[in-house]
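There are 2 protein chains.
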Amino acid sequence: MRMLSGSNILITGCSRGLGLEMVKQLAAKKTGKIFATCRAPENASELGKLAEDHENIYVTKLDVTNLNSFKDLNDNIKKFCGTDGLNILVNNAGVSPKSTRINFVTAEQMTETFFSNTVAPLMLTKSLIPLLGQGAQNCDKNSLVVNLSSILGSIAENTKQGGLYPYRASKTGLNSVTRSLSIDLASLKICAVSVHPGWVQTDMGGTNAPLTPQHSIEGVLGLIDGFEMAQNGGFYDNFGNVMPW
Amino acid sequence: MRMLSGSNILITGCSRGLGLEMVKQLAAKKTGKIFATCRAPENASELGKLAEDHENIYVTKLDVTNLNSFKDLNDNIKKFCGTDGLNILVNNAGVSPKSTRINFVTAEQMTETFFSNTVAPLMLTKSLIPLLGQGAQNCDKNSLVVNLSSILGSIAENTKQGGLYPYRASKTGLNSVTRSLSIDLASLKICAVSVHPGWVQTDMGGTNAPLTPQHSIEGVLGLIDGFEMAQNGGFYDNFGNVMPW
C-alpha cells in the first residue's frame, strides 16, 4: 500500500520553501488530512490560499521550538482526526545560521541551531507518538517520521568544505535521532527516515542551487510514498539514493 | 617523528577515569609539559599526587562549559610554554546522562549534553588555535586535536540498541566538528581526529566493561603517537581500527 494514500500528515515549517511546496503537491494527491504548521499563519498568504481551496488542509500555528505548545497541537489534531490518528510526520522546520567558519562560530549559534534542528524534531516526535501509533493501528501500514536532513549532515561527504559547524552538527545529530527513533518505535509500527532534499533554490539554498523546490519535493514525496521497511532508520536523498552518514 | 615526543599537551577532565589514566601513562613518557585540567583540583588527590611527583605536570582548574575562562587558560599555558605553544589538545571531558530512552528523554538533557560534549570542545579548540598553530610552527610535526568520541556516536553502529539520544547526538555532533576542524585548520598545520576509547571500566562505562582504563589508554596513546596525515579528520577506536560514522 502506498504511504501517502489516505494518510493524515503533519508537516512543520510550511510558510515557504520546501514545506510550502510539499503542501502544494500533496493538495493534488488523495491523502487524508494535511496539518501544515508555520510560526505566523497571518503572514503565510500562499499557504492560506491553499487551505482555502482544499478543505483537507489545516493551517496550524506552531513554533517548533516552543515545546510547551505541543499539547495544544495534539489536541488540535485529535479534534479533526478523531481516533484515526496521524500517519506521517514531516519534521521540515529548521534554521541555518549564516557565518559559521571556525573564526566566526559562536556557542550561541551552536546551541540555537541544535535546538531548532535536532531537539525540537525529537521532542515533537515524542509528543506525537500516541497519535502516530494510533494511525498505524487503524490501517495496514506503518506510520512514518520523516526528518528533513541535509547532505551537510553527512560527515563522510564533508571532505573539502569544512566549516558550517552549527548546521552540520545539528543535521548529523538529527540523523542520529532518526536512527534511534527507528529502533525505539518499531514495536509501535512507527518508522523513521532522514532525507536530504537536494540543493534547492529556496531562501536557505540560494539562487545558485541546481534543483527547483518542485523537482526536489517530487522526489521526496516519491520516496515517502514508496517507503519500505528496509529503509527504516536510513538516510536518503531526493532521488532515493542512500546517503553516507 | 612520534607525536608525543617532546610535545606540550593539554588534556581536559583529568580528575578520574580515562583522563587521569592518560596523565598517568604520559608521566612515564618523554613528553613536554602536560596541562591536566579538572573542575575541582582540590578534590583530585590522585592527579595532585602525579603532579607532585612530576614537575612537567601542571594541574589546571577548568570547567570546559565555562567558555569565559578560556582566556585565563590560554594565559596560563603561555606563561609556562613561552613561544613553544601547544602540540596536542585532548578534549576528554564530557558528560553522560543516565535515563535517555525515548519515554524519558528531555530537551534539557539534549541541550546540556550537547553543550558539554560538542560545543565546549569546539569552543576550547577555537580558543587554542593560536597556541596550537605556534606549536606546529616550532617543530617539524603538525599539532593535533584529539576528540574523545564514542562508538555511541556512530550512527552506523546503532543497529539494535536505539535510545541514548543526548549522548549519541552529542558524540555524533563532535565527530562532525572533528571533520570540519581537520579541514579548516589544515593550513595552520593543525590536525584533528575522533577516538572511541573502547568500552572501559570507569564511572561512565560501569563495571561490566571489558577494557581496563590502562588497556584503553595504551591504545589511545599509541594511536596519537603514531598519528599520520592520512588519519586527519577520521574516527578510530583504541586499537586503531577505522570506525564508521
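First to last, the sequence lines map onto chains A and B. The opening residue of the first sequence carries number 1202 in our numbering; numbering runs sequentially from there. The opening residue of the second sequence carries number 1202 in our numbering; numbering runs sequentially from there. The C-beta atom is built at its ideal place from N, Cα and C for all residues, glycine as well.
Check	Outcome
Contacts that B:Lys1327 makes with chain A (C-beta to C-beta distance below 9 Å)	Ile1303, Asn1304, Val1306
Length of the line joining the Cα atoms of A:Leu1375 and B:Gly1363	14 Å
is_contact[B:Gln1362, chain A] using C-beta, thresh 8 Å	yes
Residues from the stretch 1361-1386 of chain B in contact with chain A, defined by Cβ distance under 9 Å	Lys1361, Gln1362, Gly1363, Gly1364, Leu1365, Tyr1366, Arg1369, Ala1370, Ser1371, Lys1372, Thr1373, Gly1374, Leu1375, Asn1376, Ser1377, Val1378, Thr1379, Arg1380, Ser1381, Leu1382, Ser1383, Ile1384, Asp1385, Leu1386
C-alpha distance - B:Lys1361 paired with A:Ser1270, whole-angstrom precision	32 Å
Identity of the residue in A:Val1401, A:Leu1332, A:Ile1356, A:Val1421 nearest A:Leu1386 by Cα	A:Leu1332
A:Leu1349 - partner residues in DSSP beta bridges	A:Val1396
Nearest-angstrom beta carbon gap, B:Leu1365 and B:Met1204 [assumed within contact, 8 Å]	32 Å between Cβ atoms; not a contact.
Positions along the stretch 1251-1283 of chain A whose CB lies within less than 9 Å of some CB in chain B	Leu1268
For A:Leu1251 and A:Ala1228, believed in contact at Cβ under 8 Å, the rounded distance	6 Å
Candidates B:Ile1391, B:Asp1438, B:Leu1219, B:Thr1408: closest to B:Met1430 by CA position	B:Ile1391
Reference A:Ser1350; option with closest CA among A:Asp1254, A:Lys1327, A:Thr1314	A:Thr1314
DSSP state of A:Lys1225 mapped onto helix, strand, coil	helix
A:Met1202 and A:Leu1422 closer than 8 Å at C-beta	no
When B:Asp1264, B:Leu1287, B:Thr1284 are compared against B:Ala1294, the one with the closest alpha-carbon	B:Asp1264
Beta bridge counterpart(s) of A:Thr1149 as assigned by DSSP	Since the first residue shown for chain A is 1202 and the last is 1446, residue 1149 of chain A is missing from the structure and cannot be characterised.
Minimum C-alpha distance to B:Thr1213 - residue among B:Val1260, B:Phe1436, B:Thr1373	B:Val1260
Whole-Å CB distance - A:Thr1403 paired with A:Leu1219, under 8 Å assumed	6 Å
Contact test: B:Tyr1437 Cβ vs the ligand ADP heavy atom, cutoff 7 Å	As for the ligand ADP, it is missing from this structure, which has no ligand bound.
Chain-ordered neighbours of B:Ala1357 on chain A, where CB pairs are closer than 8 Å	Trp1446
Within chain A, the residues that B:Leu1323 reaches when beta carbons sit closer than 9 Å	Ile1303, Val1306, Ala1308, Met1311, Tyr1366, Ala1370
Residues of its chain near A:Leu1268, where Cβ-Cβ distance is below 6 Å and the 5 sequence neighbours each way are ignored	Met1324
Contact set between B:Val1347 and chain A, taken where Cβ atoms lie within less than 7 Å	Simply none; closest approach about 17 Å.
Cβ neighbour criterion (16 or more within 10 Å) applied to A:Asn1288	buried
Assigned exposure category for B:Ala1357 - 16 Cβ within 10 Å defines buried	exposed
Neighbouring residues, chain B, relative to A:Phe1316 (Cβ below 7 Å)	Thr1312
Proximity test, Cβ basis, 8 Å: B:Thr1319 and chain A	yes
Alpha-carbon to alpha-carbon, B:Asn1442 and B:Ile1151	It is not possible to answer for residue 1151 of chain B, since the shown part of chain B is limited to 1202 through 1446.
Distance CB(A:Gly1435)-CB(A:Val1394) smaller than 8 Å	yes
Delimiting residues of the beta strand (DSSP E) encompassing B:Phe1436	1436-1438
Rounded straight-line distance, which links the Cα of B:Thr1312 to that of A:Pro1367	13 Å
CB of A:Asn1339 within 8 Å of CB of A:Thr1379, strictly	no
Three-state class that DSSP yields for B:Leu1450 in the structure shown	Absent from the model: residue 1450 of chain B. The displayed extent of chain B is 1202 to 1446, so no value can be given.
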